[in-house]
Structures are given as structure tokens and as C-alpha cells.
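Accompanying notes for the structure given below.
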Amino acid sequence: MEKIGLFGGTFDPLHIGHMILAEAVREAEKLDEVWFIPSHLPPHKEKASVSGRDRMEMVRESISQNEKFKVCDLELLRGDKSYTLKTVRELKERYPDKKFSFIIGGDMVESLGSWYHIEELMQEVSFIGVNRPGYSFGTDYPVSKVEIPPLSISSSEIRGRMEKNLTIRYMVPEPVYFYIKRKGLYEHE
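Numbering (full-length UniProt numbering), first residue to last: 1 to 189.
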């Protein structure tokens with residue numbers, strides 16, 4: 001049975017921290033693949049700054065050189081709140097031959113108790129958490145822990161830099177950098 005890591009997020013925009021996290025978890029947990037799932041309407045955040053289509057294309061272009069990475073547009077196509085429980089159940093129904101784990105950062109580990117139907121979700125999928133600067137990784141839920149090199153970078157920091165007309169080059173994968181420039185994304189912020 002193939003082991004798949006599901007990596008959900010707004011990816012607004014995708015940055016090198018996301019890529020490092022995905023590869024480190026894939027390697028540490030011996031996953032066959034990592035599927036990036038751009039969210040439509042994340043329940044814990046404001047609406048994304050750019051369209052789902054643009055966010056998905058930035059992910060698609062960035063992961064194209066890694067055959068172990070895939071992009072899944074399930075939440076964008078569904079078009080409602082991006083609840084992990086709905087996504088996991090739908091993926092398990094579509095792919096009964098795959099074993100799924102859900103990848104989350106340390107900030108999400110600490111907030112698991114507030115997730116939509118968390119007790120049911122824990123019955124559906126295992127969680128893999130990664131350390132994140134400033135978070136304790138404290139939770140009462142079973143979460144495998146993967147240590148990654150500390151990297152203090154966030155999508156909100158990238159958007160803030162763009163707002164100040166500062167460069168984001170090398171903070172995001174090259175395809176994301178050129179996609180943002182080509183499409184004029186985040187200039188309105």
C-alpha cells in the first residue's frame with residue numbers, strides 16, 4: 001500500500017519553507033509521495049490574497065521537478081470550507097489502495113483541539129507534525145514528530161515584503177517568483 005502525505009495549506013504563496021518541510025517529512029516518514037492540497041476557504045484563516053487557480057499553478061510549477069510531489073485540486077474544486085475531514089474521507093473513498101497521513105506545522109499541532117470534528121478525523125488519518133519556531137508542539141493528540149532545519153519564513157512575511165516593494169527572490173521557489181512577476185500578483189496589497 002502506497003504511503004501518501006497530504007500537505008494542505010493556503011500556499012499564498014508557496015515558499016521554500018513549504019518545500020523543505022514536504023521533502024523532510026517524505027524522507028523521514030518514508031512516504032511514497034506528498035500531495036500538496038491548496039485550500040479553497042481555510043476555516044482558520046482569512047480568504048487568500050490571490051485566486052485558488054493562481055495558488056495551484058504556483059504549486060504545480062514549483063513541484064514539477066520532483067516526481068514524489070503531486071498537487072491535488074480537490075478542495076479548490078469542491079468550493080466550500082476546506083475541512084480536512086471532508087478532504088480525507090473523499091480521498092480515502094477515491095483511493096482505497098493508499099494510506100494517508102496529514103502533514104501539519106507546529107502551529108497547527110497546538111490548535112488540533114479546535115479542528116472541525118477532530119475526534120472523527122483522528123479515526124480517519126494519522127498526523128505528522130513538524131517543529132516550527134515559536135511553537136511548543138504541545139498536544140493531547142497522537143502526532144508523529146519530524147524535526148526539520150529551523151527556517152523562519154512565512155507567506156505573510158513574503159506578502160508584507162511585496163507590499164513594501166522588497167524582493168522575495170530565493171524566499172520562494174524560482175517558478176513561484178517568476179509566476180508572481182509575470183501575473184503581477186500581490187501588487188494590490
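Think of the CB as a built atom: it goes at the ideal place given N, C-alpha and C, for glycine as much as any other residue. Just so you know, these numbers come straight off a predicted model, no measurement behind them.
- Rounded to whole angstroms, the Cβ separation of Val88 and Leu121 is 7 Å, and the two are in contact under 8 Å.
- For Phe11, there is no enclosing alpha helix (DSSP H), as DSSP gives it neither H nor E.
- Asn131 and Gly105 have their C-alpha atoms spaced approximately 6 Å apart.
- Only residues of its own chain outside the window of five on either side were considered, and among them Gly8, Gly9, Thr10, Glu75 and Ser82 have a CB closer than 7 Å to the CB of Ser39, listed in chain order.
- Excluding the 5 residues flanking it on each side, Arg161 has same chain C-beta neighbours closer than 6 Å at Ile168, in chain order.
- Cα atoms of Trp35 and Ser114: separation of roughly 24 Å, rounded to the nearest angstrom.
- A contact is defined here as three or more CB-CB pairs under 8 Å, and the region 59-69 meets this definition with respect to the region 16-35.
- Here Glu33 carries a strand assignment [DSSP, helix/strand/coil].
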